[in-house]
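S.K.:
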Amino acid sequence: MPIPLLSVTPSTQNQRVEGYEVPSEDTPTIYRLTDAISDSDIDAIIWAAYRQIFSEHLILDNYRQTFLESQLRNRAINIRDFIRGLGKSEVYREEVAKTNSNYRLVDISFKRFLGRATYNKDEQIAWSIVIATKGLHGFIDALVDSEEYRQNFGDDIVPFQRRRFKDRPFNLVNPRYADYWRNQEVTRSLEGKTFYQVVRAGESVQRGVRQAIPFTFLSMAASIAPGGMNYQRTADSARNFAAVAQIPDTTRESATPPPTVKPTTVALPYRYIPGNKTT
Numbered sequence: 000m001p002i003p004l005l006s007v008t009p010s011t012q013n014q015r016v017e018g019y020e021v022p023s024e025d026t027p028t029i030y031r032l033t034d035a036i037s038d039s040d041i042d043a044i045i046w047a048a049y050r051q052i053f054s055e056h057l058i059l060d061n062y063r064q065t066f067l068e069s070q071l072r073n074r075a076i077n078i079r080d081f082i083r084g085l086g087k088s089e090v091y092r093e094e095v096a097k098t099n100s101n102y103r104l105v106d107i108s109f110k111r112f113l114g115r116a117t118y119n120k121d122e123q124i125a126w127s128i129v130i131a132t133k134g135l136h137g138f139i140d141a142l143v144d145s146e147e148y149r150q151n152f153g154d155d156i157v158p159f160q161r162r163r164f165k166d167r168p169f170n171l172v173n174p175r176y177a178d179y180w181r182n183q184e185v186t187r188s189l190e191g192k193t194f195y196q197v198v199r200a201g202e203s204v205q206r207g208v209r210q211a212i213p214f215t216f217l218s219m220a221a222s223i224a225p226g227g228m229n230y231q232r233t234a235d236s237a238r239n240f241a242a243v244a245q246i247p248d249t250t251r252e253s254a255t256p257p258p259t260v261k262p263t264t265v266a267l268p269y270r271y272i273p274g275n276k277t278t
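Numbered by numbering that gives the first Met the number 0, the letters in the sequence shown go through residues 0 to 278 in order.
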């Protein structure tokens, strides 16, 4: 029995408030299939869809979905089906779904498919349950078939960021992955062990340190290491020597007191100048 979507109280966001803005450079371009009358118009629609869903400034050849493109050019599918196909593609799975937690995947997908961010953590939890029960394809279907998608984009419009005033645009400023994926990669390289577990496992300290530090960091550090004398090591050696060096005692003790030197009157050069009194 499928779990129904949990109810979420929406919060006020820009796209939920009717605006009175004058069109400007921040106004998103609307790409409609019904307005396409030439191949260049179809190319612009396909490029806008790639940019919105894949979040790529430049589309790589191996990212292109030629089968979906061919169907769209022949009007065999509409834009909503084209967007659905991009979300179910292996590119979206590898570059977005696998490199993020379910909560962040929900937020990213809302920005790219619905044109808005998630309202709160409750909405992320509710839709992450959809991912857990229906998988990525079921999650994409639920987004594209939702009433919110139909009301704002229908079957003929490429999704866009609605009323963008902040953090714009979503699809270009949003990174592909965050620290979640980097931490997973480090954990995988350490075979599930942390730095302290590596050291305490009975292995040598040098080997443990090298295992705990990502290889990319070691390569970067080696590439910027200055040549010539190792001044850091020399300075450390000097400090260590100064800290442990014993300073010999050069004081001398004598039983007899030192001789006392009495002052002697000396004929200074100016004593015999007239006007100077002598004593």
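Glycine included, every Cβ here is placed at the ideal spot set by N, Cα and C. Note that the structure is predicted; figures quoted are calculated from it, not measured.
Going by DSSP, which residues form a beta bridge with ILE156?
M.R.: One-based indexing of the sequence shown puts residue 156 at position 157. According to DSSP, ILE156 bridges with ARG31.
S.K.: Quick one: which unbroken alpha helix (DSSP H) runs of 4-plus residues sit fully inside the stretch 101-144? Chain order, please.
M.R.: Counting only runs of 4 or more, we get 101-108, 120-143.
S.K.: Output yes or no for whether 7 Å exceeds the beta carbon distance between TRP180 and THR98.
M.R.: Walking along the sequence shown from the start, residue 180 turns up at place 181. Walking along the sequence shown from the start, residue 98 turns up at place 99. In contact: TRP180 and THR98 (Cβ atoms closer than 7 Å).
S.K.: In or out: ASP106 buried (at least 16 other Cβ within 10 Å) or exposed?
M.R.: Walking along the sequence shown from the start, residue 106 turns up at place 107. By the neighbour-count rule (16 or more Cβ atoms within 10 Å), ASP106 is buried.
S.K.: Where LEU113 and VAL185 are concerned, what is the direct C-alpha to C-alpha distance, given to the nearest angstrom?
M.R.: Along the sequence shown, read from residue 1 onward, the residue named residue 113 stands at position 114. Along the sequence shown, read from residue 1 onward, the residue named residue 185 stands at position 186. When rounded, the distance between both Cα atoms is 33 Å.
S.K.: With C-beta atoms as the reference, is ILE78 less than 7 Å away from LEU142?
M.R.: Here the question's residue 78 lines up with position 79 in the sequence shown. Here the question's residue 142 lines up with position 143 in the sequence shown. No, they are not a contact pair.
S.K.: PRO158: buried (16+ other C-beta within 10 angstroms of its C-beta) or exposed?
M.R.: To locate residue 158, count along the sequence shown from 1; it is residue 159. Classification for PRO158: buried.
S.K.: What are the boundary residues of the alpha helix (DSSP H) that includes ASN151?
M.R.: For the purposes of this step, residue 151 is taken as the residue at position 152 of the sequence shown. Per DSSP, ASN151 belongs to the alpha helix (DSSP H) from 146-151.
S.K.: By how many angstroms is the C-alpha of ARG238 removed from the C-alpha of ARG111?
M.R.: Against the sequence shown, residue 111 aligns to sequence position 112. Against the sequence shown, residue 238 aligns to sequence position 239. Each residue's alpha carbon lies about 58 Å from the other.
S.K.: Should LEU85 and ILE52 be called a contact, given that it needs their Cβ atoms to be closer than 7 Å?
M.R.: Locating residue 85 in the sequence shown gives position 86, counting from the first residue. Locating residue 52 in the sequence shown gives position 53, counting from the first residue. Yes.
S.K.: Looking at C-alpha atoms only, which residue of ALA244, SER100, SER145, ALA125 is the closest neighbour of GLN183?
M.R.: Here residue 183 refers to the residue found at position 184 of the sequence shown. GLN183 has its Cα closest to that of SER100, out of ALA244, SER100, SER145, ALA125.
S.K.: VAL198 by DSSP, collapsed to three states: which one?
M.R.: Position 199 of the sequence shown, counted from the start, is the residue given in the question as residue 198. Note that VAL198 scores 49 on pLDDT, short of 50, meaning its location in the model is unreliable; the coordinates nonetheless yield the value given after this. VAL198 falls in the helix class under three-state DSSP.
S.K.: Taking only the alpha-carbon atoms, compute the straight-line gap between ILE82 and ILE139 and give it to the nearest angstrom.
M.R.: For the purposes of this step, residue 82 is taken as residue 83 along the sequence shown, with counting starting at 1. For the purposes of this step, residue 139 is taken as residue 140 along the sequence shown, with counting starting at 1. If I take the Cα positions, the gap works out to 9 Å.
S.K.: Would GLU122 be called buried (16 or more neighbouring beta carbons within 10 Å of its own) or exposed?
M.R.: As a first step, residue 122 is located in the sequence shown; it is residue number 123 there, counting from the start. Burial call: buried.
S.K.: Residues in its own chain within less than 6 Å of ILE130 by CB, not counting five upstream and five downstream?
M.R.: The residue you call residue 130 lines up with position 131 of the sequence shown. Closer than 6 Å at the Cβ level, and outside the excluded window around ILE130, lie ASN101, PHE138.
S.K.: If I'm right that ALA75 touches LEU135 with Cβ under 8 Å, what's the distance once you round it to whole angstroms?
M.R.: Translated into positions along the sequence shown, residue 75 becomes position 76. Translated into positions along the sequence shown, residue 135 becomes position 136. That belief does not hold up - the Cβ atoms of ALA75 and LEU135 are roughly 24 Å apart, past 8 Å.
S.K.: Between the Cα of ARG115 and those of ASP144, TYR148, THR8, VAL90, spot the shortest distance and give me the residue it belongs to.
M.R.: To locate residue 115, count along the sequence shown from 1; it is residue 116. For the residues ASP144, TYR148, THR8, VAL90, the minimum Cα distance to ARG115 belongs to TYR148.
S.K.: Once DSSP output is grouped into helix, strand and coil, what is the label at LEU5?
M.R.: As a working mapping, residue 5 is identified with position 6 in the sequence shown. LEU5 falls in the coil class under three-state DSSP.
S.K.: State the DSSP-derived secondary structure class of GLU55, mapped to helix, strand or coil.
M.R.: Position 56 of the sequence shown, counted from the first residue, corresponds to residue 55. In the structure shown, GLU55 sits in coil (DSSP, three-state: anything other than H, G, I, E or B).
S.K.: Take the Cβ of ILE156 as the centre, count every other Cβ of all protein chains shown within 10 Å, and call the residue buried at 16 or more, exposed below.
M.R.: Taking the sequence shown and counting its residues from 1, one reaches residue 156 at position 157. Classification of ILE156: buried, given that the 10 Å Cβ count is 16 or more.
S.K.: Does DSSP put SER39 in a helix, in a strand, or in coil?
M.R.: Position 40 of the sequence shown holds residue 39. Note: SER39 maps to helix in three-state DSSP.
S.K.: Could you check what DSSP says for ASP248 in three-state terms: helix, strand or coil?
M.R.: By one-based count along the sequence shown, residue 248 stands at place 249. Three-state DSSP puts ASP248 in coil, outside helix and strand.
S.K.: DSSP state of ALA48, grouped into three classes?
M.R.: Along the sequence shown, read from residue 1 onward, the residue named residue 48 stands at position 49. Here ALA48 sits in helix by DSSP.
S.K.: Please report the straight-line C-alpha distance between GLY4 and THR132, rounded to a whole angstrom.
M.R.: One-based indexing of the sequence shown puts residue 4 at position 5. One-based indexing of the sequence shown puts residue 132 at position 133. Correcting the residue identity first, residue 4 is Leu in this sequence and not Gly. One C-alpha to the other measures close to 11 Å.
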